[in-house]
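All residue numbers for the sequence shown refer to the working numbering, where the first residue is 2 and numbers rise by one. Each residue gets a CB set at the ideal place from its N, CA and C atoms; glycine is no exception. One structure is given below, encoded as structure tokens.
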Amino acid sequence: MTARREHTLSRRQFLATAAAGAVAGFAPAQAATSPRVATLDWAILETLFAINANVVAGTELLQFREVAVTPTVPAGVADLGLRGTPNFEVLYATKPDLIFNSNFYAWADDRMRLIAPVESHAVYKPGSSPYQLSEHMTLALGDRLGLAAGRALVDTMRAKLETYRDRFSKGDHRPILPINLGDARHFRVFGSDSMFGEVLTRTGLTNAWPDLTSYSATAPVGIERLAAMPEAWIVLIPPHPADAFAELQYSAFWKALPPVQAGRVLLLGSINPYGALPAAGRFADLLAGGLSHAWNG
């Protein structure tokens, strides 16, 4: 038993040394008294950033900055690489006190428990509300880390959506179709059970997509399905493939669609499609800005 323990410590020391170059120069994002936390999951990551947690490591941070855009990634957060194949040596070298994980990456729990305690939270589960689960997760993270910003984020989001409900009630009452392009002929659609769909419902808007989308999105959907929703606002949510939207605009079918001919197409900024409350808030803000400009244009 003693020999096994010494071997484990020796291996950990080796891994820490091997990964030192990868995390050299990284500094804690918060005060030393705040628990050092890490995660593989982007919904958890954006929530931790939003409540000012002391995040020391996350995955695919360059892509996170491009896709999620907000919250800002603080200086000093180590990049663990791909979500599906994270660098456990770098994770160990960042010395987290606690690792938050989700059901998407449960396969990594046993390996990460060798580094630090692991606590799991789920935002996307079949048959469950991602918005409600995001609220529960945000409150749980705030309580666990002793951060009042968790409750503040939940309360701020509720107030934001209520404000937008009042604003949207003065609009044109057309349904909203939130989609993400796969290519010029296919799209992914976010139904009423998705995070974006829940934002629509909570702000008094109607989702033009008539079906549920298995708690996230339905794909691939042929572009011809857009013809069945002539009264809708088409809301395009990046990131899209680089040439997909450009190619689509040359399509005779696209140009003939009533929403396109009537100018009822909104192209929002990039949003994390599997995010939590920060993504929901960004979607609400960008949608409100686009609709207000169009209605008052």
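> Can you tell me whether T60 is buried or exposed, with buried defined as 16 or more other CB within 10 angstroms of its CB?
Replying inline: buried
> Tell me which same chain residues have a C-beta within less than 7 Å of the C-beta of G172, skipping the five on either side of it?
Replying inline: L292, W296
> By the 10 Å Cβ neighbour count, where 16 or more other Cβ atoms means buried, how is W108 classified, buried or exposed?
Replying inline: Around the C-beta of W108, fewer than 16 other C-beta atoms lie within 10 Å, and the residue is accordingly described as exposed.
> Taking L206 as the reference, which of F197, L213, T214 has the closest Cα?
Replying inline: F197
> Sorted by chain position, which residues of the same chain lie with C-beta nearer than 7 Å to G151's C-beta, five sequence neighbours on each side aside?
Replying inline: The residues I52, T139, L140, L142, G143, D144, in chain order, have a CB closer than 7 Å to that of G151 in the same chain once the five nearest residues on each side in sequence are set aside.
> In this structure, what does DSSP give as the bridge partners for W296?
Replying inline: W296 is not bridged to any residue.
> Is the CB-CB distance between V68 and P240 below 7 Å?
Replying inline: yes
> Beta-carbon separation of A245 and L182 under 7 Å?
Replying inline: yes
> Since P259 is in the beta strand (DSSP E), which residue starts that stretch and which ends it?
Replying inline: Not the beta strand (DSSP E): P259 falls in the alpha helix (DSSP H), residues 259–262.
>> Can you look up P179 in the DSSP assignment and give me helix, strand or coil?
In response: strand
>> Less than 7 Å between the C-beta atoms of P72 and E90, yes or no?
In response: No; because the gap between Cβ atoms is not below 7 Å, this pair is not in contact.
>> Within a Cβ cutoff of 8 Å, which residues of the same chain sit near A44, ignoring the five residues on either side of it in sequence?
In response: Its chain contains S103, V124, Y125, S135, M138, N273, Y275, G276, A277, A280 as the residues whose beta carbon lies nearer than 8 Å to that of A44, once the 5 sequence neighbours on both sides are disregarded; these appear in chain order.
>> Nearest by alpha-carbon distance to A218: which of I235, F191, L227, L162 is it?
In response: F191
> Looking only at DSSP bridge pairs, what is H187 linked to?
Replying inline: BP columns for H187 point to D184, G223.
> Would a C-beta distance cut-off of 7 Å place V74 and L62 closer than the cut-off?
Replying inline: yes
> Exposed or buried, which one is G282 when buried takes at least 16 other CB atoms within 10 Å?
Replying inline: Under this definition G282 is a buried residue.
>> Check this for me: beta carbons of V57 and T86, under 7 Å apart or not?
In response: no
> Can you tell me whether DSSP reads N55 as helix, strand or coil?
Replying inline: strand
> If you draw a straight line from the C-alpha of A285 to the C-alpha of F50, how long is it?
Replying inline: 19 Å
> Expressed to the nearest angstrom, what Euclidean distance is found between the alpha-carbon atoms of D184 and T204?
Replying inline: 29 Å
> Beta-carbon separation of P260 and A243 under 7 Å?
Replying inline: no
> Which residues in the same chain as S271 place their Cβ atom closer than 6 Å to its Cβ, once the five residues preceding and following it in sequence are excluded?
Replying inline: V68, V70, P239, P240
> S195: buried (16+ other C-beta within 10 angstroms of its C-beta) or exposed?
Replying inline: By the 10 Å Cβ count, S195 comes out buried.
> Quick one: what does DSSP say L148 is sitting in, helix, strand or coil?
Replying inline: coil
> A289 and R168 look like a contact to me (Cβ under 8 Å); what is the Cβ gap, rounded to whole Å?
Replying inline: Taking C-beta atoms under 8 Å as the contact rule, A289 and R168 qualify, at a distance of about 6 Å.
> Helix or strand or just coil, what does DSSP make of E120?
Replying inline: strand
>> Mapping the DSSP letters down to three states, classify L268 as helix, strand or coil.
In response: Looking at L268 - three-state DSSP - the assignment turns out to be strand.
>> Using only the alpha-carbon positions, how far apart do V119 and E199 sit?
In response: Their backbone Cα atoms lie some 29 Å apart in a straight line.
>> Given this structure, state the Cα-to-Cα distance separating F65 from L83, to the nearest angstrom.
In response: 11 Å
> Does DSSP put V70 in a helix, a strand or coil?
Replying inline: Reduced to three states, the DSSP call for V70 is coil.
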